[in-house]
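Counting with mature numbering (1 follows the signal peptide of the UniProt record, and there is no 0), you get residues -18 to -1, 1 to 37 for the letters of the sequence shown.
Glycine included, every Cβ here is placed at the ideal spot set by N, Cα and C.
Just so it is clear, the structure is predicted and the values come from calculations on it, not from any experiment.
This report refers to the structure that appears directly beneath it.
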Amino acid sequence: MNRALSLLGLLLPALAQAATPNEALLQQAVSEGRVRPFHEVMEVASRLPVRVLRV
């Protein structure tokens, strides 16, 4: 059991790092137009009717 926990302790940081987006890949996606910057999305959202934004 202790061996499994220590192995899990070693693997968790690697898995967490793999799940975080790479800054270079994110910038490439923004420049290609696949992802929009947050401030642009919020600008469009501010023009929507309030009832659309309520969930």
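Beta-carbon spacing of residue i, residue j below 9 angstroms
| i | j | result |
| --- | --- | --- |
| Pro19 | Val26 | no |
For residue j and residue i, the rounded distance between their alpha carbons
| i | j | result |
| --- | --- | --- |
| Ser(-13) | Thr2 | 23 angstroms |
| Ala(-15) | Leu(-9) | 10 angstroms |
| Ser28 | Val17 | 19 angstroms |
| Gly15 | Arg33 | 28 angstroms |
| Ala(-5) | Leu(-11) | 10 angstroms |
| Leu7 | Pro31 | 33 angstroms |
Span of the alpha helix (DSSP H), counted from its first residue to its last, around residue i
| i | result |
| --- | --- |
| Val26 | Phe20 to Ser28 |
| Val17 | No alpha helix (DSSP H) contains Val17, which DSSP labels as neither H nor E. |
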